[in-house]
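Asker:
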Amino acid sequence: MQLYNIKHPEQVVSFKQAVLQGLGKDQGLFFPATIPSFTEQEINELLALPFVERAAKILGAFIGDEFSQEEVKELATNAFNFPAPVVQVSDNIWTLELFHGPTLAFKDFGGRFMSQVLRLLAKEKKITILTATSGDTGAAVAHAFYKIPNIEVVVLYPKGRISELQEKLFCTLGQNIKTIAIDGDFDACQALVKQAFDDAELREAIGLNSANSINISRLLAQITYYFEAYARLPRDKQVVVSVPSGNFGNLTAGLLAKAMGLPVAKFIAATNANDTVPRYLASGNWEPQQTRATLSNAMDVSRPNNWPRIEELFKVKGWDLHADLFSAPVSDATTVQTILELDKLGYVSEPHGAVGFRVLADALQPGQVGVFLGTAHPAKFKAEVEKVLGRDIGLPEALAYHQQLPLLSENFPADYARLKEFLLTNTAAAQANKAK
Ligand SMILES: *Cc1c(COP(=O)(O)O)cnc(C)c1O
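Sequential numbering of the sequence shown, starting at 1, is according to this note's numbering.
1. Spatial neighbours of Ala55 within its chain, please: CB distance less than 7 Å, with the 5 preceding and 5 following residues excluded, ordered by chain position.
2. Look up Gln328 in the DSSP assignment and say whether it is helix, strand or coil.
3. Does the beta-carbon of Lys16, which I'm using as the reference point, lie nearer than 8 Å to any heavy atom of ligand 1?
4. How about Leu360: is its Cβ closer than 8 Å to a heavy atom in ligand 1?
5. Specify whether the region 176–184 and the region 77–96 touch according to this definition: at least 3 beta carbon pairs, one from each stretch, less than 8 Å apart.
6. Compare the Cα-Cα distances from Ala354 to each of Ala211, Glu287, Pro244 and Ala400 and report the closest residue.
7. Could you name the residues of the same chain whose beta carbon sits closer than 7 Å to that of Asn433, not counting the 5 residues immediately before and after it, in chain order?
8. Within 10 angstroms of the Cβ of Gln21, are there 16 or more other Cβ atoms? Answer buried if so, exposed if not.
9. Can you list, in chain order, the residues of its chain with a C-beta nearer than 6 Å to that of Gly135? Leave out the 5 residues immediately preceding and following it.
10. Relative to the alpha-carbon of Ala429, which residue among Asp198, Val72, Leu407 and Lys125 has its alpha-carbon at the smallest distance?
11. By the three-class DSSP mapping on this structure, what secondary structure does Pro158 have?
12. For the candidate residues Ile310, Glu45 and Ala361, whose alpha-carbon lies nearest to that of Phe227?
13. Indicate the three-state DSSP secondary structure (helix, strand or coil) for Val241 in the structure shown.
14. Would Gln190 and Arg303 qualify as a contact pair, given that the criterion is a beta-carbon distance under 9 Å?
15. Could you give the residue range of the beta strand (DSSP E) that holds Trp458?
16. Assuming Pro470 and Leu295 form a contact by the criterion Cβ under 8 Å, report the distance between their Cβ atoms to the nearest whole angstrom.
17. Is Pro83 closer than 9 Å to His143 when the C-beta atoms are compared?
18. Pull up the distance between the alpha-carbon of Ala265 and that of Val239, whole angstroms please.
19. Below 8 Å, how does it come out for the region 18–37 and the region 322–335: are there three or more Cβ pairs, yes or no?
20. Using three-state DSSP, classify Phe294 as helix, strand or coil.
21. Do Tyr157 and Thr133 have their C-beta atoms within less than 9 Å of each other?
22. Does the Cβ of Phe248 lie closer than 8 Å to at least one heavy atom of ligand 1?
As structure tokens, this is what we get:
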């Protein structure tokens, strides 16, 4: 599979290179030079397969030139070892529950697939993964790479802006997982990561790699579950898919599924008050504002880092941004009302899923069916959900276990020099390099 850098199309890399580098020159995002596509008959055959087998075929269409079909099957089997059920919520609306993995959020799909790919690539050179998280990516990455040989993970997150439950889930692991609470918001964390990637000396010294939603391996993994959603819905209606969006990686993967031939009629990008994209689609002006803290905090992003890929995809496919994509924001007040509305329908949701449901329910036309992505388990936002519903919703075992453990995070100001010094003195890759 060949990919080019959107900012510098002359920079072309293989899938393996793109996974190892994360970002291209000038922080450009890698984009597939060709998007494999399936005929209608092939799509129908795919839809009839079990998840892992289907995923191996979808992924093989991209990376089959760099890994054997045997290896791809093994990557998919190890990465996707938990279910993704589609649950009916109302007459015409379903939800794809992506939160049955080890950290109870959809980021387990991308995180676990990426760790499987890197496990194969880290045999030659030690790798340090540096990533910024607004909540869930960090947990998924930390758990996906926990105890994987030759790989160390450093996660930056905005201090005090993720839930205590989220923090406990990934800041208690230790071993090859290091976590740093940054005094600042998510965008500040993301800016530090970008600066580190621009630092050639550091990159080389610690074998720097990114694992946040910009890594192409994560996007490929996420394409697979859109086929699963489609496979479980009635086949005689138009299908609309609603994606609660922050950095827009999940939506990018959905649109790639469509580009491969999955006949989704329309995609919805549902956001919280951080509404850069809905305003952009309405006005044509890209005007990010100060990031605002909301109930759906994993979507508190005002400069979505995957947006250039979406623009590129629409350009390559000749699609019309306004016809094929609908985007609208949901306020916290409406999110609360929607969690109550869903509870009345017999479905316990959390703020992110509720945002996805809200825009979908409001936009769905007669003759269409809709599916919204359930991006996190309600227990990950236990405090918020219980406050709205006025009752205890319990805690799954995986979360309960980590709540007992002490936090192991460091705390830094949003200062690049400080981060660099930490990385050069505390990572195994830097030590190994010095010893040479
Ligand atoms: C990360 C996350 C999102 C946003 O996904 P993007 O790919 O960044 O748009 C939505 N919901 C939850 C629970 C998340 O963790």
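The beta-carbon is built from N, C-alpha and C at its ideal position, and this holds for glycine as well.
Answerer: Per the coordinate set shown:
1. The count along the sequence shown starts at 1 and reaches residue 55 at position 55. So the list reads Ala76, Phe80 and Thr224, once near-sequence residues are dropped.
2. For the purposes of this step, residue 328 is taken as the residue at position 328 of the sequence shown. At residue 328 the sequence reads Ala, which differs from the Gln that was named. Strand.
3. By one-based count along the sequence shown, residue 16 stands at place 16. No.
4. By 1-based counting over the sequence shown, the position of residue 360 is 360. No, the beta carbon of Leu360 sits no closer than 8 Å to any heavy atom of ligand 1.
5. no
6. Translated into positions along the sequence shown, residue 354 becomes position 354. Checking every option, the nearest Cα to that of Ala354 belongs to Pro244.
7. Here residue 433 corresponds to residue number 433 of the sequence shown, with the count starting at 1. Only Ala205 meet the Cβ criterion.
8. Position 21 of the sequence shown, counted from the first residue, corresponds to residue 21. Answer is buried; the Cβ neighbour count reaches 16.
9. As a first step, residue 135 is located in the sequence shown; it is residue number 135 there, counting from the start. These residues qualify, in order along the chain: Ile162, Gln166, Asn297 and Ala298.
10. As a position in the sequence shown, residue 429 is number 429, starting the count at 1. Checked all of Asp198, Val72, Leu407 and Lys125; the closest Cα to Ala429 is Lys125.
11. In the sequence shown, residue 158 corresponds to position 158, counting from 1. Looking at Pro158 - three-state DSSP - the assignment turns out to be strand.
12. Within the sequence shown, the letter at position 227 stands for residue 227. It is Glu45.
13. Residue 241 sits at position 241 when you count from the first residue of the sequence shown. Reduced to three states, the DSSP call for Val241 is strand.
14. Here residue 190 is taken as the residue at index 190 of the sequence shown, counted from 1. Here residue 303 is taken as the residue at index 303 of the sequence shown, counted from 1. In this structure, Arg303 lies closer than 9 Å to Gln190 by Cβ.
15. With the chain covering only 1 through 436, there is no way to say anything about residue 458.
16. Examination of residue 470 is not possible in this model, given that the chain is present from 1 through 436 alone.
17. Looking up residue 143 in the sequence shown gives position 143. Looking up residue 83 in the sequence shown gives position 83. Against a cut-off of 9 Å, the Cβ pair of Pro83 and His143 comes out as no contact.
18. Here the question's residue 265 lines up with position 265 in the sequence shown. Here the question's residue 239 lines up with position 239 in the sequence shown. Spanning the two alpha carbons is a distance of roughly 5 Å.
19. no
20. Numbered from its first residue, the sequence shown carries residue 294 at position 294. The question names Phe, but residue 294 in the sequence shown is Thr. DSSP places Thr294 in coil when its eight states are reduced to three.
21. By one-based count along the sequence shown, residue 157 stands at place 157. By one-based count along the sequence shown, residue 133 stands at place 133. A contact, by the Cβ cut-off of 9 Å.
22. Along the sequence shown, one-based indexing puts residue 248 at 248. Under cutoff, so the answer is yes.
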